[in-house]
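Asker:
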Amino acid sequence: MAHSETEPPEEETLRRWERKQAQLKANVIEEDTEEWQKDSTFAGLERVGGVDLSYAKGNNTIACASLVVLSYPDLEVLYEDCQMVTVSAPYVAGYLAFREAPFLVEAAQRLQEREPGLRPQVLLVDGNGVLHHRGFGVACHLGVLTGLPCIGVAKNLLQVDGLAKDELHKEQIRDLQMGGAMFPLRGTSGRVLGMALRSYNKSTKPIYVSVGHRTCLESAVRLVQSCCRYRIPEPIRQADIRSREYIRKNLSSPLGGTSPGPGRKEEAEPKH
DNA sequence: GCGACAG
DNA sequence: ATCTTGTCGC
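Just so you know, our numbering puts the end of the first sequence at 277, numbered straight through with nothing missing.
(1) State buried or exposed for residue 86, treating a residue as buried only when at least 16 other CB atoms are found within 10 Å of its CB.
(2) Look up residue 221 in the DSSP assignment and give the residues it is bridged to.
(3) Measure the Cβ-Cβ separation of residue 30 and residue 132 and say whether it is below 8 Å.
(4) Assuming residue 146 and residue 106 are in contact, meaning their beta carbons sit under 8 Å apart, how far apart are those beta carbons, in whole angstroms?
(5) When the distance is taken between beta carbons, is residue 57 closer than 8 Å to residue 76?
(6) Use the C-beta contact count for residue 144: other C-beta atoms within 10 angstroms, 16 or more gives buried, fewer gives exposed.
(7) Can you round the beta-carbon distance between residue 159 and residue 205 to whole angstroms, since I take them to be within the 8 Å contact cut?
(8) Find out if the Cβ-Cβ distance for the pair residue 185, residue 155 is shorter than 8 Å.
(9) In chain order, what residues of the same chain have a beta carbon less than 8 Å from the beta carbon of residue 151, not counting five sequence neighbours either side?
(10) Helix, strand or coil, according to DSSP, for residue 85 in the structure here?
(11) Cutting at 6 Å between CB atoms, please list the residues of its own chain near residue 88, excluding the five before and the five after it.
(12) Look at the Cβ atom of residue 66, then the Cβ atom of residue 45, and state whether they are nearer than 8 Å.
(13) When you compare only the Cα positions, how much space is there between residue 240 and residue 123?
(14) Do residue 84 and residue 50 come within 8 Å of each other at the CB atom, strictly closer than that value?
(15) For the beta strand (DSSP E) holding residue 68, just list the boundary residues, first then last.
(16) Just the C-alpha distance for residue 265 and residue 248, rounded to the nearest angstrom, thanks.
(17) With a threshold of 8 Å, are at least 3 pairs of Cβ atoms found where one atom belongs to the segment 163-181 and the other to the segment 193-212?
(18) CB residue 148 to CB residue 33, shorter than 8 Å?
Structural data, given as structure tokens:
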């Protein structure tokens, strides 16, 4: 029987990951490299991608990696790829990319093989970009490995470089009156690492946008906001919805078919 | 001992 | 990320 939990990383593993991040970081581009980004209406932008991983309940290693491509600006799903995967790296804050990125890179490669014409012009990643302990979050990681412009979108603030959920931060959030309101996340270093954005009028909790690859923060925030029907930008939201639905359909009942509402519980681990 | 901790 | 019930509102 396979393990259902990932082991904590060895100290040596963390060192190796840090070296890898530093190595890849040299390739990050934090500026617009596409013409459509400079246009106020994003003229020329037709496809926006989104990626996400959902995990099977009660199991830390079984997950579904999903990549979707949406039309822009209509946000209709043009492409969907869900793939069951076995995650081996543990989750460690600051090293999320080593747990999730490999499967998302694979998904991007499948897309390139199957439907090269549907390749997204920008990829929204759930997690951070340069808003990260070492300035290299999963969105940067994916950007460098795929060459695609990437934007990090986190649902929670990663408290780094002096950023904290302190009283000042909470007050700044309260001051975000309407959808579209935002404030910069300036670290102790003086650097602006990202933007807190009230993406949806009805949600008071902001999302945290940061540069991943081949984009500037201004374009990134503007694009993310233009993709929000709800709090979470549609590409990521669709990837999330579809990946968890995929898990539900493929794992809820070993025999397939719809399982009755309440009253399911898979135990029964036959021993010798 | 207490707080932090993207997903 | 996932575990969980009801609840308030359109």
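Virtual Cβ for every residue (Gly too), placed ideally from N, Cα, C.
Answerer: On the basis of the data shown:
(1) buried
(2) In DSSP, residue 221 forms no bridge with anything.
(3) no
(4) 5 Å
(5) no
(6) buried
(7) Their Cβ separation, rounded to whole angstroms, is 15 Å, which puts residue 159 and residue 205 out of contact at 8 Å.
(8) no
(9) 110, 113 and 128
(10) strand
(11) 70
(12) no
(13) 14 Å
(14) no
(15) 67-76
(16) Legend: pLDDT at residue 265 = 44, less than 50; position of this residue unreliable, no value from coordinates given.
(17) yes
(18) yes
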